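2 protein chains.
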Amino acid sequence: MWPRTEEPPFGSAASADDGEADFPEAAAHLLEEQRVAIVGLGLIGGSLALALRGRCARLLAVERDPDTRALARARGVVDEVSEAPERILPQADVVVLATPVQAIVELLAQLPKWHPGPAVVLDVGSTKAAIVAAMAALPPRFDPLGGHPMAGKETSGLAQAEARLFRGAPFALTPLPRTTGRAKALAAALVKSVGARALWLEPLTHDRWVAAVSHLPYLVSLALTLATPEEAAALLGPGFRSTSRLAASSPRMMGDILSTNREAVLTALAGFERQLAALRAALEADDEIVLQALLAQGPARRTALLRLVEEGE
Amino acid sequence: MWPRTEEPPFGSAASADDGEADFPEAAAHLLEEQRVAIVGLGLIGGSLALALRGRCARLLAVERDPDTRALARARGVVDEVSEAPERILPQADVVVLATPVQAIVELLAQLPKWHPGPAVVLDVGSTKAAIVAAMAALPPRFDPLGGHPMAGKETSGLAQAEARLFRGAPFALTPLPRTTGRAKALAAALVKSVGARALWLEPLTHDRWVAAVSHLPYLVSLALTLATPEEAAALLGPGFRSTSRLAASSPRMMGDILSTNREAVLTALAGFERQLAALRAALEADDEIVLQALLAQGPARRTALLRLVEEGE
Chain R
961 MWPRTEEPPF GSAASADDGE ADFPEAAAHL LEEQRVAIVG LGLIGGSLAL
1011 ALRGRCARLL AVERDPDTRA LARARGVVDE VSEAPERILP QADVVVLATP
1061 VQAIVELLAQ LPKWHPGPAV VLDVGSTKAA IVAAMAALPP RFDPLGGHPM
1111 AGKETSGLAQ AEARLFRGAP FALTPLPRTT GRAKALAAAL VKSVGARALW
1161 LEPLTHDRWV AAVSHLPYLV SLALTLATPE EAAALLGPGF RSTSRLAASS
1211 PRMMGDILST NREAVLTALA GFERQLAALR AALEADDEIV LQALLAQGPA
1261 RRTALLRLVE EGE
Chain D
961 MWPRTEEPPF GSAASADDGE ADFPEAAAHL LEEQRVAIVG LGLIGGSLAL
1011 ALRGRCARLL AVERDPDTRA LARARGVVDE VSEAPERILP QADVVVLATP
1061 VQAIVELLAQ LPKWHPGPAV VLDVGSTKAA IVAAMAALPP RFDPLGGHPM
1111 AGKETSGLAQ AEARLFRGAP FALTPLPRTT GRAKALAAAL VKSVGARALW
1161 LEPLTHDRWV AAVSHLPYLV SLALTLATPE EAAALLGPGF RSTSRLAASS
1211 PRMMGDILST NREAVLTALA GFERQLAALR AALEADDEIV LQALLAQGPA
1261 RRTALLRLVE EGE
């Protein structure tokens, strides 16, 4: 069974474990009337922009990198892009922060200076506790909530962006006590319109879960890649290729994530180390019965975990 | 640079690090005249059969499972299939053993009873030291060598087999001191005709390398899968999917592999544990500079490793 998640925090709107949730028609139409500004046109921000094209009143972007701005203009990714937040943000009803986590925290501190408000503020950062804490410090004219789409690739940048990136993916939403029903409905509408499934969570629950299913796999993939001797590369096959894929993730992005989710990651790591120690012990003891019992859990366990996420779809 | 491998052990034939090696034309034609029997029509044996169709004089198979035999007949995978080795093997000039490692060792002990010889004997097992030791005990009428294609999927069985499985993959070949030039040339011809690249290695070198690039990734993938709490499955994304893929490998096959390659796997595991401990220490100390230095190695290291195997192609 699907783990029970927090109830949707707005009236008759999307239920936490129902991807086909029908929030009020009004909310869907509401998005079409919004001017949405995305800060950061990387893989996630760029894919969001592509997925939102034609689904909101106006699509704007703030992007520091001139090459990325040129690419965004050449491809018509947004209606307007600039490096100047003070030029773009005042035009926006909804601001989506799509940079690495530390940069999101810094942007939140600057936001009141750039935007006269009111505005709904959503982010798509990979950890939520630090960001939601920074959101709590925003002046009352802002209506903030955290977000995190469970989608990505080992490559980054606007050139890799695609409108389909979020299709069928869980999209965590972590409201604050102050978040209004309107902001929640708008966020749910945005999630639905990019093809993802809203999952309402407490920030700390989100961070604990994502440590287990995302940050720990990254650390393990990285340690494996760093441990592989070059001479053995002659025999590299598809197994190494998939297990090491996450090690190619952006070091800056992952550094931010690990630093803002240290405790949950260390707890998840301890659980992994216990499983690995059990495998090591069986192998050292040359105990084929115990080893086989551990190995035999693998296929069923993986299938069960993947079925849990599919049941949520 | 590509690690230097053992020189090809036959005259002007394939060089170890040149996938386009032109072994004597005679060897290529030689394969066309051989009757080849494959023992075990699983993913690897079945894919070999599909890849060898029309490239040898006659294709035979020994398969215990009646459903697999029925499927092989329905799809015309081989010219003849039977559960009885004593019926199939005497017809073969080349015997390819394609079962899990322990079963290959047992088959080698029985082979003299089933086959009046002479025959070239090749296997495709995932570890080589135990198998090559069993091959060394064969009567002189047999001409054996070890083999291991670096190809596979997390699924098994003939239904998953495909002729393209070996295209571009390294195919390790581990000859014995007694292996004739003719057997080596035939094995090289077989490897080339299924689209793979022959890589001549000492059995212990093979086992050490494959522990690092295949058996360790499996253990890590399994420990990760077993450590993932069900509640967190709600947020499973593509990262977990690829990192956990190997955990779905056949427990029996992997048990054989780990048991016959214990020491090399434990050594590779120790190297992994050292890397993971360094990451843990940086995270525990909240040392962003050290952590970032470790993370920054990931993308370049993975690219370098994959480039090494691509240069071999």
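Sequence lines, in order, name chains R and D. Here my numbering runs 960 ahead of the position in the first sequence, where the first position is 1. Here my numbering runs 960 ahead of the position in the second sequence, where the first position is 1. C-beta atoms are modelled at their ideal positions from N, C-alpha and C, and glycine is treated no differently. Computed from a predicted model, the values in this text were never measured in an experiment.
Kindly indicate if chain D contains any beta-carbon less than 8 Å away from that of residue i.
i, result
"Val-1170 of chain R", "yes"
"Ala-1145 of chain R", "no"
"Ser-1007 of chain R", "no"
"Ser-1086 of chain R", "no"
"Phe-1232 of chain R", "yes"
"Val-1065 of chain R", "no"
"Gln-1252 of chain R", "yes"
"Gly-1155 of chain R", "no"
"Pro-1259 of chain R", "yes"
Any beta carbon from chain R within less than 8 Å of residue i's own beta carbon?
i, result
"Phe-1200 of chain D", "yes"
"Asp-982 of chain D", "Per-residue confidence for Asp-982 of chain D stands at a pLDDT of 45, beneath the threshold of 50, marking its modelled position as unreliable; no derived number is given."
"Thr-1185 of chain D", "yes"
"Thr-1203 of chain D", "yes"
"Asp-1246 of chain D", "yes"
"Gly-1077 of chain D", "no"
"Leu-1255 of chain D", "yes"
"Val-1061 of chain D", "no"
"Glu-1162 of chain D", "no"
"Ser-975 of chain D", "Low confidence applies here, because Ser-975 of chain D scores a pLDDT of 38, under 50, leaving its location unreliable and the question unanswered by this model."
"Ser-1181 of chain D", "yes"
Once DSSP output is grouped into helix, strand and coil, what is the label at residue i?
i, result
"His-1166 of chain D", "helix"
"Ala-981 of chain D", "Residue placement at Ala-981 of chain D cannot be trusted, given a pLDDT of 43 that sits under 50; the coordinates are not used to answer."
"Thr-1087 of chain D", "coil"
"Arg-1101 of chain R", "coil"
"Gly-1128 of chain D", "coil"
"Val-1065 of chain R", "helix"
"His-1108 of chain R", "strand"
"Val-1038 of chain D", "coil"
"Thr-1134 of chain D", "strand"
"Ala-1187 of chain D", "helix"
"Ala-997 of chain R", "strand"
"Arg-1201 of chain R", "helix"
"Val-1092 of chain R", "helix"
"Arg-1212 of chain D", "helix"
"Ala-1237 of chain R", "helix"
"Leu-1161 of chain R", "coil"
"Leu-1082 of chain D", "strand"
"Val-1173 of chain R", "helix"
Please go through the same chain and pick out, in chain order, the residues whose beta-carbon is closer than 7 Å to the beta-carbon of residue i, but skip the five residues on each side of it.
i, result
"Ala-1052 of chain R", "Arg-995, Val-996, Ala-997, Leu-1020, Ala-1079"
"Glu-993 of chain D", "Ala-1017"
"Ala-1090 of chain R", "Val-1061, Val-1065, Thr-1220"
"Met-961 of chain D", "With a pLDDT of only 32 at Met-961 of chain D, under 50, the local geometry of the prediction cannot be trusted, and the value read off the model is given with reservation. Closer than 7 Å at the Cβ level, and outside the excluded window around Met-961 of chain D, lies no residue."
"Ala-1013 of chain R", "Ala is not the amino acid found at residue 1013 of chain R; the sequence shown has Arg there. Excluding sequence neighbours, Arg-1013 of chain R sits near Leu-1019."
"Leu-1243 of chain R", "Leu-1251"
If you drop the 5 nearest sequence neighbours on each side, which residues of the same chain put their C-beta closer than 8 Å to that of residue i?
i, result
"Leu-1255 of chain R", "none"
Does residue i get closer than 8 Å to chain A when you measure Cβ to Cβ?
i, result
"Thr-1188 of chain D", "The chain labelled as chain A is not found among the protein chains of the depicted structure, namely R and D."
Report back the beta-carbon spacing between residue i and residue j to the nearest angstrom; my notes put them in contact at under 8 Å.
i, j, result
"Leu-1105 of chain D", "Thr-1134 of chain D", "7 Å"
"Leu-927 of chain R", "Leu-1218 of chain D", "Because chain R spans 961 through 1273 in this model, residue 927 of chain R falls outside it and cannot be assessed."
"Gly-1197 of chain R", "Ala-1129 of chain D", "6 Å"
"Ala-1121 of chain D", "Gly-1006 of chain D", "3 Å"
"Ser-1202 of chain R", "Arg-1262 of chain D", "Wrong, their Cβ atoms sit about 12 Å apart, outside the cutoff."
"Ala-1145 of chain R", "Val-1151 of chain R", "Contact doesn't hold; Cβ gap of about 11 Å is too wide."
"Ala-1063 of chain D", "Val-1084 of chain D", "About 12 Å; that fails the 8 Å criterion."
"Pro-1109 of chain D", "Ala-1143 of chain D", "Going by Cβ atoms, the distance from Pro-1109 of chain D to Ala-1143 of chain D rounds to 17 Å, so no, they are not a contact pair."
"Trp-1176 of chain R", "Phe-1232 of chain R", "It should be pointed out that residue 1176 of chain R corresponds to Leu in this sequence rather than to Trp. Correct: roughly 6 Å between the Cβ atoms."
With the cut-off set at 8 Å, would you say residue i and residue j are in Cβ contact?
i, j, result
"Leu-1118 of chain D", "Val-1056 of chain D", "no"
"Asp-1167 of chain R", "Ala-1224 of chain R", "yes"
"Ala-1183 of chain D", "Gln-1235 of chain R", "yes"
"Pro-1072 of chain D", "Leu-1049 of chain D", "no"
"Leu-1268 of chain R", "Glu-1190 of chain D", "yes"
"Gln-1257 of chain R", "Leu-1186 of chain D", "yes"
"Thr-1276 of chain D", "Ala-1238 of chain R", "What the structure shows of chain D is the stretch from 961 to 1273, and residue 1276 of chain D is not part of that stretch, so it cannot be assessed."
"Leu-1195 of chain D", "Val-1092 of chain R", "no"
"Ala-1147 of chain R", "Leu-1067 of chain R", "no"
Using a Cβ-Cβ cut-off of 6 Å (strictly less than) and excluding sequence neighbours within five positions of residue i, which residues of its own chain qualify?
i, result
"Val-1037 of chain R", "Ala-1009"
"Val-1154 of chain D", "Ala-1011, Phe-1126"
"Val-1041 of chain R", "Ala-1021, Glu-1023, Arg-1029, Ala-1032"
"Ala-1045 of chain D", "Rather than Ala, the amino acid found at residue 1045 of chain D in this sequence is Pro. Hits under 6 Å: Val-1022, Trp-1074."
"Asp-1247 of chain D", "none"
"Met-1213 of chain D", "Pro-1060"
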